[in-house]
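Q: In short: position in the sequence shown from 1, add 648, done, that's the numbering used here. Quick reminder that beta carbons are idealized off the backbone N, C-alpha and C, glycines included. Because the structure is a prediction, the values reported are computed rather than measured. What follows is a structure written as structure tokens; I'll ask about it next.
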Amino acid sequence: MRQGSMKWRYLKQGIFLWVVRIAALIIAAALGGILFFIFVNGIGAVDWTFLTEPPRDSMTAGGIMPAIIGTVYLTLGAVLVAMPLGVTSAVYLSEYARSGPAVRFIRIGINSLAGVPSVVFGLFGLSLFVVYLDFGSSILAGSLTLAILILPTIIGSAEEALKAVPQTFREASLALGVSKWQTVSRIVLPNALPGILTGSILGIGRAAGETAPIMFTAAAFFTTRLPGSVFDEVMALPYHIYVLATAGTRIEETRPLQYGTALVLIALVLGVDLAAIVIRSYIRRKKRW
Numbered sequence: 649m650r651q652g653s654m655k656w657r658y659l660k661q662g663i664f665l666w667v668v669r670i671a672a673l674i675i676a677a678a679l680g681g682i683l684f685f686i687f688v689n690g691i692g693a694v695d696w697t698f699l700t701e702p703p704r705d706s707m708t709a710g711g712i713m714p715a716i717i718g719t720v721y722l723t724l725g726a727v728l729v730a731m732p733l734g735v736t737s738a739v740y741l742s743e744y745a746r747s748g749p750a751v752r753f754i755r756i757g758i759n760s761l762a763g764v765p766s767v768v769f770g771l772f773g774l775s776l777f778v779v780y781l782d783f784g785s786s787i788l789a790g791s792l793t794l795a796i797l798i799l800p801t802i803i804g805s806a807e808e809a810l811k812a813v814p815q816t817f818r819e820a821s822l823a824l825g826v827s828k829w830q831t832v833s834r835i836v837l838p839n840a841l842p843g844i845l846t847g848s849i850l851g852i853g854r855a856a857g858e859t860a861p862i863m864f865t866a867a868a869f870f871t872t873r874l875p876g877s878v879f880d881e882v883m884a885l886p887y888h889i890y891v892l893a894t895a896g897t898r899i900e901e902t903r904p905l906q907y908g909t910a911l912v913l914i915a916l917v918l919g920v921d922l923a924a925i926v927i928r929s930y931i932r933r934k935k936r937w
């Protein structure tokens, strides 16, 4: 009887593993198919001129240099704002806040914000930053809106990374007479840094690829002028793709430019993510040494 039960248990385990493998293969195949389709259709449009010149002839020729620079500015601004706020909030929730209704309510709010559609954040940024604070359509307004958008992701991942640090590290530090803040800043945070960077990678990817928030707060339909301050509006790659695909003057003729812009956006996001992964791996290796 026991032998039959063990066989059935192993059979269920094997079926489950095969289902997981098949699901992973389907996801990988879908992702690979999308990337291959964009690469094949867009690689012909990508050259040095495409990367270094502004659009010309009503965006039917030329390049996407202003959109690349605008995307970098918006993403960098969002991360510079969201990272300190997100990590600080995670430290408070993980290390200082006492369990209770208030903390549970805060965590519910953070989890709820993570599922809010990006267009809602765009309308919020339009109302608060563009209209009420009178920043206008600008890099500053767009960066702040994207920062709020990725803040729940960074808080959640940072808090989980802090919780993953063994409690014995904290106890040993406090037992030596080290203060709570020194324990958090010199023991807990350095050990949680790789996990915090993982959340930052997810935030960077989302900030760089969002269209709705910057549509209302920062993105220009067309401009050949590079931004001179944080109060200037900019072109951005996601919005530029949207414009070329839906509101251009000759949509079919610009189809290669649309795929080329999408390919550059994917390469930009993957490049930034790769850099963050390399930094994270270096930190992990340094800790082992």
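#1: What first and last residue would you give for the alpha helix (DSSP H) that runs through E819?
#2: Would you check if the distance between the CB atom of I925 and the CB atom of I852 is smaller than 9 Å?
#3: Skipping 5 residues on each side, what residues in its chain have a beta carbon closer than 7 Å to that of L761?
#4: In or out: E807 buried (at least 16 other Cβ within 10 Å) or exposed?
#5: With a CB to CB cut of under 7 Å and the five nearest residues on each side skipped, what residues in its chain are close to A910?
#6: How close, in whole Å, do the beta carbons of V882 and A867 come, if the pair is a contact with beta carbons under 8 Å?
#7: Can you list, in chain order, the residues of its chain with a C-beta nearer than 7 Å to that of S791? Leave out the 5 residues immediately preceding and following it.
#8: Roughly how far, in whole angstroms, is the beta-carbon of V920 from the beta-carbon of V694, given that I think they are within contact range, below 8 Å?
#9: Using the rule of at least 16 other Cβ atoms within 10 Å of the residue's Cβ for burial, across every protein chain shown, is T902 buried or exposed?
#10: Any idea what DSSP makes of G748, helix, strand or coil?
#11: Whole angstroms are fine: how far does the CA of V668 sit from the CA of A677?
#12: What does DSSP give as the partner residue(s) for P703 in the beta ladder?
#13: With a 10 Å radius around its C-beta and 16 neighbouring C-beta atoms as the bar for buried, classify I663 as buried or exposed.
#14: Alpha carbon to alpha carbon, what distance is there between L822 and K828?
#15: What is the DSSP secondary structure of A924, counted as helix, strand or coil?
#16: Would you say E900 reaches chain B, if we count a Cβ-Cβ gap shorter than 9 Å as a contact?
#17: Does DSSP put A867 in a helix, in a strand, or in coil?
#18: Rounded to the nearest angstrom, what separates G847 and S805 at their Cα positions?
#19: Of the choices T697, A671 and I712, whose alpha-carbon is the least far from that of N873?
#20: Residue ranges of each alpha helix (DSSP H) run of no fewer than 4 residues wholly in the stretch 828–903, ordered along the chain?
#21: Quick one: using the 10 Å Cβ neighbour count with 16 as the cut-off for buried, is F869 buried or exposed?
A: Inspection of the coordinates gives the following:
#1: Mapped onto the sequence shown, residue 819 falls at position 171. Counting along the chain, the alpha helix (DSSP H) containing E819 begins and ends at Q815 to A823.
#2: What you label residue 925 is simply residue 277 of the sequence shown in a count that begins at 1. What you label residue 852 is simply residue 204 of the sequence shown in a count that begins at 1. Not a contact, by the Cβ cut-off of 9 Å.
#3: Within the sequence shown, residue 761 is the residue found at index 113, counting from 1. Excluding residues within five positions, the ones whose Cβ falls inside 7 Å are P800.
#4: In the sequence shown, the residue the question calls residue 807 occupies position 159. The residue is buried, with at least 16 neighbouring Cβ atoms inside 10 Å.
#5: Position 262 of the sequence shown, counted from the first residue, corresponds to residue 910. Here the set comprises I686, G690 and I889.
#6: Taking the first residue of the sequence shown as 1, we reach residue 882 at position 234. Taking the first residue of the sequence shown as 1, we reach residue 867 at position 219. Indeed, because the Cβ distance is near 7 Å, the residues count as touching under 8 Å.
#7: Counted from its first residue, the sequence shown places residue 791 at position 143. Here the set comprises L722, G725, A726 and V729.
#8: Locating residue 920 in the sequence shown gives position 272, counting from the first residue. Locating residue 694 in the sequence shown gives position 46, counting from the first residue. At roughly 18 Å, the Cβ-Cβ gap does not stay under 8 Å, so V920 and V694 are not in contact.
#9: One-based indexing of the sequence shown puts residue 902 at position 254. Label assigned to T902: buried.
#10: As a position in the sequence shown, residue 748 is number 100, starting the count at 1. Coil, per DSSP.
#11: Walking along the sequence shown from the start, residue 677 turns up at place 29. Walking along the sequence shown from the start, residue 668 turns up at place 20. Distance between the alpha carbons of A677 and V668: 14 Å.
#12: The residue you call residue 703 lines up with position 55 of the sequence shown. BP columns for P703 point to G710.
#13: Residue mapping note: residue 663 aligns to position 15 of the sequence shown, counting from 1. That one is exposed.
#14: As a position in the sequence shown, residue 828 is number 180, starting the count at 1. As a position in the sequence shown, residue 822 is number 174, starting the count at 1. So the alpha carbons of these two residues sit roughly 7 Å apart.
#15: The residue you call residue 924 lines up with position 276 of the sequence shown. Here A924 sits in helix by DSSP.
#16: The chain inventory of the structure shown lacks chain B, comprising one protein chain alone.
#17: Against the sequence shown, residue 867 aligns to sequence position 219. Strand.
#18: Translated into positions along the sequence shown, residue 847 becomes position 199. Translated into positions along the sequence shown, residue 805 becomes position 157. Using only the alpha carbons, I get a separation of about 5 Å.
#19: Along the sequence shown, read from residue 1 onward, the residue named residue 873 stands at position 225. In the sequence as displayed, the identity of residue 873 is Arg instead of Asn. With distances taken between Cα atoms, R873 lies closest to I712.
#20: 828–831, 837–857, 860–865 and 885–894
#21: Residue 869 sits at position 221 when you count from the first residue of the sequence shown. When all chains shown are included, F869 counts as exposed.
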